[in-house]
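Let me begin by presenting the structure, written as structure tokens, before commenting on it.
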Amino acid sequence: MLFYSILFLLGFVSYTDVESIETKSYVNNQQQRYQALINEIRCPVCQGQSIGGSNAGLARDLREKVRELILEENTDNNIRQFMTDRYGDFVVFKPPVNKNTYLLWFAPFIFLILGLFFLVRSLSTKESSVKSNIDTTKAKDLLK
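Per UniProt numbering, the sequence shown starts with residue 1, numbered consecutively.
Listed below in structure tokens is the structure:
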């Protein structure tokens, strides 16, 4: 009985969810293009991973779609455009500069300039308050 219990438990331990290894045939530089594209396109489900690094079902489908588009001899830009048409600019890790993404691209510079402005302003008010304190003490000394 103990033997069957151990055998039963080992059956669960040895079970793993093995995905099929993608062994697809490519011509020329298609494999390099495929690898580059699946690492440039963000997974809409995981949001922090590329479709190349995600195990989500949608990522698997998108990898297959990228493969199909490459085999149909679409350019890399056409494939990126295909993905952004369906999932928006969010799907690419390097979003384009356009009117919808100006804030995304220029906000860091705006905040840097504002931060420097407030830093200079606060330093100048401290200097003026120190000068006014010195002037006040000199005036009190003269009045005595």
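The C-beta atom is built at its ideal place from N, Cα and C for all residues, glycine as well.
query, result
"Alpha-carbon to alpha-carbon, Leu116 and Thr136", "30 Å"
"Of the listed residues Met83, Leu69, Lys138 and Phe118, nearest to Tyr34 (C-alpha basis)", "Leu69"
"Extent of the continuous alpha helix (DSSP H) run through Met83", "Asp76 to Tyr87"
"Helix, strand or coil at Ser122 according to DSSP, with G and I counted as helix", "helix"
"Bridge partners - Ile41, DSSP secondary structure assignment", "Val92"
"C-alpha distance - Lys65 paired with Arg80, whole-angstrom precision", "11 Å"
"Residues near Glu19 by beta carbon distance below 7 Å, same chain, minus five either side", "Per-residue confidence for Glu19 stands at a pLDDT of 47, beneath the threshold of 50, marking its modelled position as unreliable; the derived number appears in the next sentence. Excluding sequence neighbours, Glu19 sits near nothing in its chain."
"Cα-Cα separation between Lys94 and Phe118, rounded to whole angstroms", "31 Å"
"Span of the alpha helix (DSSP H), counted from its first residue to its last, around Lys65", "Gly57 to Leu71"
"Assigned exposure category for Ile51 - 16 Cβ within 10 Å defines buried", "buried"
"Which listed residue (Gln32, Ser122, Asn55 and Ile113) has its alpha carbon closest to that of Arg67", "Gln32"
"Neighbourhood of Pro96 by C-beta, 7 Å cutoff - its chain only, sequence neighbours within 5 removed", "Asp89"
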